[in-house]
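In this note's numbering, the protein residues as written are 4 to 371.
Don't be surprised by glycine CBs; every beta carbon is placed ideally from N, CA and C.
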């Protein structure tokens, strides 16, 4: 039970939190007898040579340069959008992550494109890790397609959790940095090995090496990605959500988060990074380290952090999601102006050490 009269989905939606490492530890003892094979990566698309990335004939599929066909959800209300927002979902999720945010932003004059990243949702090879380089390449190619479809429009990337990590790595690629006009990171996944306790690293290494195909879940762990209980229940019933994750896929995610944390000091402006004070998925310490590296003291409006005291990991799906969404719209329209909610002031206080984050253990659930 999550509170009076409420029962959540078994795994509280998606994601892999701190206590999942403890679950891996219990499984590690039996790992040698379960499997002893190499980690699996999702194979590339069917293309035999590099081809121009493009949209499918009906616009609901993004065809990557290697021929992989990635479902693309689009929200567009105008033939003359103020900007095109490329929305990247988090781990074990898919474009449905922007079910509320997509229409909201479209109604404010933006075109929103949300792909199912490969290995997730309706994309090919569901459950297998595609590799950081391939996820970055997909983003770069989709941005190029968006620029071709909407010439002269600004392109903004909105990366949530794992999608934020992919974006950070793409932006700082030394050979082909992602060229976008602005970046919004919502609870970026930056909990890499360098920030993990040694026991977590050891357990992950053992299980991913000896039993890469072993699947683990968050069942039974008191981890809350959001205070939106009905949304979490809906995710618990969604067959496109991944709830049992291969250990080699988790290791791939951790490598991506490592790369994102290293990339933080080099993320170019303009960038807005959102953080929920009640995030159970990404610990506060690596998040603050990444925030400080990206935005410094937060005084530069082109390098902005925002802290939401009632926010959780799924900020854009929380009960109070309208607040960060209004801030995103305002910042894209005028990066120099203060955020309407005052979340940037709270973030500056946090970065200066004048404010501490004390996450709530669980959401407040109405007793009915």
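Which term fits residue i, buried or exposed, when burial requires 16 or more other beta carbons within 10 angstroms of its beta carbon?
i           : result
residue 91  : buried
residue 82  : exposed
residue 170 : buried
residue 144 : buried
residue 288 : exposed
residue 242 : exposed
residue 182 : exposed
residue 347 : buried
residue 104 : buried
residue 140 : buried
residue 178 : exposed
residue 356 : exposed
Can you list, in chain order, the residues of its chain with a C-beta nearer than 7 Å to that of residue i? Leave out the 5 residues immediately preceding and following it.
i           : result
residue 111 : 332
residue 305 : 272, 273 and 338
residue 168 : 191, 192, 193, 259, 260 and 263
residue 343 : 329, 330 and 333
residue 335 : 86, 159 and 185
residue 234 : 320
residue 204 : 196
residue 122 : 45, 128, 129, 130, 131, 132 and 133
residue 295 : 354
residue 119 : 73, 74, 97, 98, 125 and 126
residue 48  : 67, 69, 70 and 71
Measuring CA to CA, which of the options is closest to residue i?
i           : options               : result
residue 99  : 48, 287, 115 and 220  : 115
residue 124 : 93, 264, 167 and 330  : 93
residue 360 : 206, 314, 254 and 67  : 314
residue 89  : 177, 187 and 69       : 187
residue 349 : 166, 302, 367 and 209 : 302
residue 215 : 195, 223, 247 and 222 : 247
residue 142 : 323, 222, 345 and 71  : 71
residue 107 : 345, 324, 362 and 367 : 324
residue 136 : 69, 189, 213 and 150  : 69
residue 311 : 221, 44, 153 and 281  : 281
residue 213 : 356, 119 and 250      : 250
residue 285 : 54, 163 and 140       : 163
residue 279 : 239, 297, 327 and 296 : 327
residue 55  : 101, 43, 149 and 84   : 149
residue 152 : 219, 43 and 84        : 84
residue 2   : 138, 275 and 221      : No statement about residue 2 is possible, as the shown extent of the chain runs from 4 to 371 and does not include it.
Return the Cβ separation of residue i and residue j in integer angstroms, given the expectation that the two are a contact with Cβ distance under 8 Å.
i           : j           : result
residue 338 : residue 271 : Not quite, the Cβ-Cβ distance comes to about 13 Å (not below 8 Å), so this is no contact.
residue 184 : residue 146 : At roughly 10 Å, the Cβ-Cβ gap does not stay under 8 Å, so residue 184 and residue 146 are not in contact.
residue 130 : residue 245 : 6 Å
residue 358 : residue 308 : The pair is not a contact, with the Cβ atoms about 12 Å apart (cut-off 8 Å).
residue 189 : residue 322 : 16 Å between Cβ atoms; not a contact.
residue 79  : residue 109 : 6 Å
Only counting the same chain, and skipping five residues up and downstream in sequence, which positions put a Cβ closer than 6 Å to that of residue i?
i           : result
residue 25  : Low confidence applies to residue 25: its pLDDT is 43, below 50, so where it sits in the model is not reliable, and the reading given next is rough at best. Cβ within range, chain order: n/a, list empty.
residue 155 : none
residue 340 : none
residue 317 : 228 and 229
residue 165 : 93, 94 and 192
residue 176 : none
residue 363 : 281
residue 367 : none
In chain order, what residues of the same chain have a beta carbon less than 8 Å from the beta carbon of residue i, not counting five sequence neighbours either side?
i           : result
residue 63  : 74, 75, 76 and 77
residue 292 : 193, 198, 264 and 267
residue 180 : 173, 174 and 271
residue 351 : 300, 301, 302 and 308
Item to check | Three CB pairs or more closer than 8 Å across the segment 228-238 and the segment 197-211 | outcome: Counting Cβ pairs under 8 Å, fewer than three are found: no touch.
Checklist entry - Does the pairing of the segment 59-74 with the segment 253-272 give three or more beta-carbon distances under 8 Å? => result no
Checklist entry - So does the segment 239-258 actually touch the segment 206-216, counting three or more Cβ pairs closer than 8 Å? => result yes
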